[in-house]
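A.B. asks: In my numbering, the protein residues as written are 292 to 406. Handing you this structure, nothing more for now.
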């Protein structure tokens with residue numbers, strides 16, 4: 292990379308910084324799905340009983356899992372929400388920058404035509 296004049300800092304070329312917007316949107320969708328699946332699984336384990344699955348041992352195992360993992364899964368859910376919010380904000384900022392650059396290039400082209 293070329294040196295940009297600041298000691299130890301090199302300019303980053305466009306080829307090194309690419310963002311795949313569709314991939315980011317796909318990640319958000321997958322995170323939403325994972326969060327919903329965790330919530331659904333915890334709910335099902337909360338309502339499961341020997342009457343509807345057939346064994347007390349399975350019921351006890353589900354209750355034990357839910358008690359042990361409820362806090363941790365809640366924290367994961369909070370982290371997923373924060374990640375989704377952050378990705379949404381990043382996508383909005385990329386859209387704003389892209390629109391501003393398009394406007395700048397359009398104005399520059401108009402100025403060059405006028406000369």
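We put the CB at the ideal spot given by N, CA and C, even for glycine.
#1: Between the C-alpha atoms of residue 349 and residue 372, what's the straight-line distance to the nearest angstrom?
#2: Quick one: residues in its chain with C-beta nearer than 8 Å to the C-beta of residue 316, no 5 flanking neighbours on either side, listed in chain order?
#3: Spell out whether any CB of chain B is found under 8 Å from the CB atom of residue 349.
#4: Which residue marks the beginning of the alpha helix (DSSP H) containing residue 338, and which one marks its end?
#5: Cutting at 8 Å between CB atoms, please list the residues of its own chain near residue 338, excluding the five before and the five after it.
#6: Just the C-alpha distance for residue 292 and residue 320, rounded to the nearest angstrom, thanks.
#7: Measuring only the C-alpha atoms, how far is residue 362 from residue 335?
C.D. replies: Judging by the given coordinates:
#1: Distance between the alpha carbons of residue 349 and residue 372 is about 31 Å.
#2: The answer, listed in chain order, is 382.
#3: Absent from the structure: chain B. Only one protein chain is present.
#4: 312-338
#5: none
#6: Caution applies to residue 292, whose pLDDT of 47 falls short of 50 and renders its modelled position unreliable; the value that the coordinates give is listed next. Roughly 35 Å separates the two Cα atoms.
#7: Their backbone Cα atoms lie some 17 Å apart in a straight line.
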